[in-house]
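In this text, residue positions in the sequence shown follow my numbering: the first is 12, and each later residue adds one.
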Amino acid sequence: MLALRSQVFVVEQQCVYLDPDGLDRQAHHLFGWSASEPDTLVCGVRILGPGVAYAEPSIGRVVASPRFRGTGLGRVLMERALVECARLYPGQGIRIGAQHYLERFYAGLGFVTVSAPYDEDGILHVKMLLSNVTTQRGPTGAACDENDRR
């Protein structure tokens with residue numbers, strides 16, 4: 012997972028920062044593997060409980076391999092992360108620090124922007140909040156793969 016995150020966040024986005032921040036050990040993770048290449052990790056997300064990054068539970072380190080973008084994989088991954096958040100932390104909203112260029116993507120999942128754009132490690136971000144999360148949102152079941160489109 013760290014290799015995929017470094018490939019995208021450090022190399023592709025040219026953002027030198029320390030990804031291992033000590034929070035992965037207390038996080039829940041969702042991973043997606045390629046159906047056609049079972050040893051290939053294609054996406055992942057980190058879920059932090061309330062009080063870790065924000066007062067609310069949060070979803071972060073959302074990553075998809077460049078080879079699998081544009082397939083709907085990111086949306087499936089986020090929908091599953093929302094279902095998992097609702098299961099783990101029922102009745103709570105979810106706060107994220109989204110890269111500004113992805114604001115519309117997250118708005119399409121129900122998130123509302125609650126901050127002005129701000130710089131984080133040289134990349135513009137916005138804080139976003141999703142209320143009324145239920146386990147009925149999005150698909151449930153096995154990990155996502157590139158054939159799992161919505």
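Think of the CB as a built atom: it goes at the ideal place given N, C-alpha and C, for glycine as much as any other residue.
For E131, the enclosing beta strand (DSSP E) covers residues Y129 to E131. According to DSSP, H40 shares a beta bridge with R57.
Apart from sequence neighbours up to five positions away, the residues of its chain that approach T51 with a beta-carbon distance below 6 angstroms are S45, ordered along the chain. Its chain contains R57 as the residues whose beta carbon lies nearer than 6 angstroms to that of G71, once the 5 sequence neighbours on both sides are disregarded; these appear in chain order.
Cα atoms of P49 and G43: separation of roughly 10 angstroms, rounded to the nearest angstrom. For R72, the uninterrupted beta strand (DSSP E) segment begins and ends at S69 to A75. Per DSSP, reduced to three states, the secondary structure at A118 is helical.
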